[in-house]
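Asks:
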Amino acid sequence: MVTTVRKPAIVLLMAMMLVGVAACDSQGPAEEAGQDIGESIDNATESVGESMEELGENIQNAAEDAQN
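Residue numbers (mature numbering (1 follows the signal peptide of the UniProt record, and there is no 0)): -22 to -1, 1 to 46.
#1: Starting from Q38, trace the alpha helix (DSSP H) in both directions and tell me its first and last residue.
#2: What is the rounded straight-line gap between the Cα of N36 and the Cα of L(-5)?
#3: Look at the alpha carbon of A22 and the alpha carbon of M30, and state the distance between them as a whole number of angstroms.
#4: Quick check: what's the CA-CA separation for A(-8) versus Q5?
Set out below in structure tokens:
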């Protein structure tokens, strides 16, 4: 009796584990949106950093020109 209940329970458990692993492979819309937001923030941060660096160089050049 124990083995007749145990085998289907083990098979069911293994099937549930396989479904769980397969479900983790695909991203849902929330994960994709989060990834897109993260990439947008990275791009914006990089753009602002480059702009600030260019502004700093322009200020430094203007200060040097004012001294001459």
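The C-beta atom is built at its ideal place from N, Cα and C for all residues, glycine as well.
Replies: Quick look at the numbers:
#1: 7 to 45 is the extent of the alpha helix (DSSP H) around Q38.
#2: Near 59 Å, if we compare the C-alpha coordinates of L(-5) and N36.
#3: Roughly 12 Å separates the two Cα atoms.
#4: Those two C-alpha atoms are separated by around 21 Å.
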